[in-house]
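Residue numbers (this note's numbering): 2 to 418.
Note that CB positions come from ideal geometry on N, CA and C, so glycine has one too.
This one's a predicted model, so the numbers in the text were calculated from it and none came from an experiment.
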Amino acid sequence: MSVAHGCGGNDAVLSVEAALELLLAHARPVQGTERLPLGAVLGRMLAEPISAPVDLPPWDNSAMDGYAVRGADVADHPDHSLAVSQRIPAGSRAQPLEPGTAARIFTGAPVPAGADTVVVQEACEALDDGARVRLPADVTSGHNIRYQGEQVRAGAEVLPAGTRLDPQHLAVAASVGRADALVRRRLKVAIFASGDELVEPGHPLGDGQIYNSNRTLFHALLGTLGCEVLDLGIVADTPEATRAALARGAEQADLVLASGGVSVGEEDHVRPAVEALGRLDLWRVAMRPGRPLAFGQVAGTPFIGSPGNPVSLFVTFCLFARPFIQRMQGMEPIRLPRGIRTLAGFDLPKPVKRREYRRSRLVTGAGDIPTVEAYASNSSADLTSLTWADGLAIVPEHRTFNAGEPLTFLPFSELLS
Ligand code: AMP
Ligand code: MG
């Protein structure tokens, strides 16, 4: 894969939309597929459409426990009572309905030929130990029957290729008789964290050291997307170590993600290392937190580098790496966060230059209307802000803002599923 110069060159400031568009233009779905039992494909991307070989429902059936009758027969009987001529539990075969009689019927049982309605049992009175039934006076035809093919016609596609298989999709596949599905192979993503200051949790902290939280964050974020992770660990702030990690990741994985070391400081080795092995664009995206975002390729394998600050990593992953990964996984259409329109619970007297993705949570405001409360600090090192928040409020650039004005909120539930 190559990234064209001229579009988002190294000094350009890109809007979030432009950066995402550029990024997605370079995402190619992985080609391998595998056929697996339905029980093993939760969260995977369907590689071929699934169609219904039969009508759904396959035959007319009752939506209620009750009595199947021909509506017109009831009015013919002065006391609205009919003999019960057969009993049809679910899973049995129905005989044609004898004219002028009722059939005891249960939910999911086939409606007998000749019946045109089912009367719910609560509206009926069983007589003579169930040998007869008294029906209401006003029985009308066409009730409580699920007609053959009313949900799906034989031959119709029920799941298109590219569907991410959530529980409801698996149930639909099963309902048309499928025991397995052809899915794209899992995406393998290499990760590493740059920084001489990093120590793995579980070890004591030395002078000047901090714990590596990004490794855990990467694992968990990639887990929500069902990726396989190739963990390259902590990479020292040297050109050699950075090149070695990049080369290994590029060779063994479909995508390489890195945190830290992507700025243009003396200790930031990711940019020159990627440039030595492939090519790189460092995008200044007009957003907070999160810039810069490094995107490129190493020996043909795409590379995304995020700032080391954990909150920046979290936000850039959700906004950029996640949709990129979805496209590489073969998800179609990808699920860009739609967000919800809600009301700001804060003022912004001075306009911001870059769009802000503020760590926020929804609280119930005046008149029971959900309102966005923003986290006090904007520090992108402060991970606890993300556990305080339950989403990101989008604060538009170049304008002031008053409490009570409409605002878009991206719930974490949407970004992390
Ligand atoms: P960098 O992008 O390398 O300049 O790092 C920016 C900030 O993020 C610095 O304060 C780093 O110490 C911090 N940081 C970098 N990598 C990690 C990591 N894996 N876990 C936690 N903090 C990190
Ligand atoms: Mg660093």
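Residues of its chain near residue i, where Cβ-Cβ distance is below 8 Å and the 5 sequence neighbours each way are ignored
| i | result |
| --- | --- |
| Asn1 | Nothing can be reported for residue 1, as the shown portion of the chain is limited to 2 through 418. |
| Leu136 | Tyr68, Val70, Val75, His81, Ser82, Leu83, Ala103, Val120, Ala124 and Cys125 |
| Asp61 | Pro111, Val112, Ile146, Arg147, Tyr148 and Gln149 |
Nearest residue (CA-CA) to residue i, options the options
| i | options | result |
| --- | --- | --- |
| Ala221 | Met46, Leu25, Glu22 and Leu416 | Leu416 |
| His399 | Leu363, Pro407 and Arg355 | Arg355 |
| Ser380 | Ala138, Pro311 and Ala322 | Pro311 |
| Leu256 | Arg336, Leu233 and Gly44 | Leu233 |
| Glu276 | Ala295, Gly291, Val286 and Glu267 | Ala295 |
| Gly196 | Ala242, Val177 and Leu166 | Ala242 |
| Leu408 | Ala48, Leu47 and Thr372 | Thr372 |
| Gly340 | Ala19, Ala172 and Ala394 | Ala394 |
| Pro290 | Ile211, Glu357 and Ala13 | Glu357 |
| Asp369 | Ala377, Glu267 and Leu344 | Leu344 |
| Thr28 | Phe347, Ser386 and Arg323 | Thr is not the amino acid found at residue 28; the sequence shown has Ala there. Per the Cα distances, Arg323. |
| Thr218 | Ser307, Arg88, Glu49 and Pro352 | Per the sequence shown, residue 218 should be read as Leu rather than Thr. Ranking the options by Cα distance to Leu218, first place goes to Ser307. |
| Phe347 | Val364, Val177 and Gln210 | Val364 |
| Glu158 | Asp129, Phe318, Ile51 and Phe193 | Ile51 |
| Gly266 | Gly250, Glu252 and Thr239 | Thr239 |
| Pro352 | Pro397, Ile326, Cys319 and Trp389 | Pro397 |
| Ala162 | Ser361, Ala41, Gly207 and Met332 | Met332 |
| Gly40 | Ala13, Gln169, Ile305 and Arg154 | Gln169 |
| Pro338 | Ile326, Cys319 and Gln330 | Cys319 |
| Glu406 | Glu374, Ser378 and Gln253 | Glu374 |
| Arg216 | Thr388, Ala194 and Pro58 | Ala194 |
| Gln32 | Ser176, Gly207 and Gln330 | Gln330 |
| Val271 | Ala254, Arg292 and Ile305 | Ile305 |
| Arg133 | Gly101, Val263 and Asp208 | Gly101 |
| Glu35 | Pro58, Ala182 and Ser176 | Ala182 |
| Ala20 | Asp282, Arg360, Thr388 and Gly203 | Asp282 |
Per DSSP, the bridge partner or partners of residue i
| i | result |
| --- | --- |
| Glu229 | Lys189 |
| Gln87 | Ala104 |
| Glu241 | Paired residues: none, contrary to the question. |
| Glu158 | Ser52 |
| Leu222 | Per DSSP, none; premise fails for Leu222. |
| Phe296 | Asp282 and Ile305 |
| Ala182 | Leu37 |
| Ser82 | Arg135 |
Pairwise C-alpha distance: residue j and residue i
| i | j | result |
| --- | --- | --- |
| Ser418 | Gly227 | 10 Å |
| Ala248 | Ala300 | 8 Å |
| Pro205 | Asn403 | 46 Å |
| Ala245 | Thr302 | 14 Å |
| Ala26 | Pro111 | 52 Å |
| Met2 | Gln298 | Its pLDDT being 37, under 50, Met2 is placed unreliably in this model, and the coordinates cannot settle the point. |
| Gly261 | Arg328 | 24 Å |
| Asp80 | Gly131 | 16 Å |
| Ala127 | Arg105 | 10 Å |
| Val316 | Arg94 | 58 Å |
| Gly44 | Leu166 | 5 Å |
| Ser313 | Asp391 | 16 Å |
| Tyr148 | Gly109 | 11 Å |
| Pro90 | Ala174 | 26 Å |
| Met288 | Leu171 | 38 Å |
| Pro412 | Glu18 | 19 Å |
| Pro30 | Gly366 | 44 Å |
| Gly279 | Ile335 | 27 Å |
| Val184 | Ile211 | 41 Å |
| Asp77 | Ala138 | 10 Å |
| Leu37 | Leu47 | 11 Å |
| Gly224 | Ile326 | 12 Å |
| Ala114 | Val153 | 21 Å |
| Glu469 | Ala53 | The structure shown does not extend to residue 469, since the chain spans only 2 to 418, so no value can be given for it. |
| Ser386 | Tyr376 | 7 Å |
| Gly435 | Leu160 | Shown here, the chain extends from 2 to 418; a query on residue 435 therefore has no answer. |
| Ala180 | Ala155 | 18 Å |
| Glu268 | Ala191 | 22 Å |
| Val42 | Gln253 | 23 Å |
| Gly1 | Leu199 | Nothing can be reported for residue 1: it is not among the residues displayed for the chain, which extend from 2 to 418. |
| Gly420 | Leu231 | Nothing can be reported for residue 420, as the shown portion of the chain is limited to 2 through 418. |
Chain-order list of residues whose beta-carbon lies under 7 Å from that of residue i (same chain, five-residue window excluded)
| i | result |
| --- | --- |
| Gly72 | Asp117, Thr118, Val140, Thr141 and Ser142 |
| Pro350 | Thr401 |
| Ala237 | Asp197 |
| Leu24 | Phe296, Phe321 and Phe325 |
Cutoff 6 Å; reference residue i; Cβ partners in own chain excluding five residues on either side
| i | result |
| --- | --- |
| Glu201 | Asn213 |
| Glu99 | Ser86 |
| Gly150 | Asp56 |
| Ala382 | Asn310 |
| Glu229 | Arg187 and Lys189 |
| Arg88 | Arg105 |
| Arg362 | Glu374, Ala390 and Asp391 |
| Phe107 | Asp66, Pro90 and Ala91 |
Short CB-CB distance (under 8 Å) between residue i and chain D
| i | result |
| --- | --- |
| Pro58 | Note that chain D does not occur in the displayed structure, where there is just one protein chain. |
Those residues, in chain order, that have a beta-carbon closer than 7 Å to some heavy atom of the ligand NAP: With respect to the ligand NAP, the structure offers nothing, as its ligand set consists of the ligand AMP and the ligand MG.
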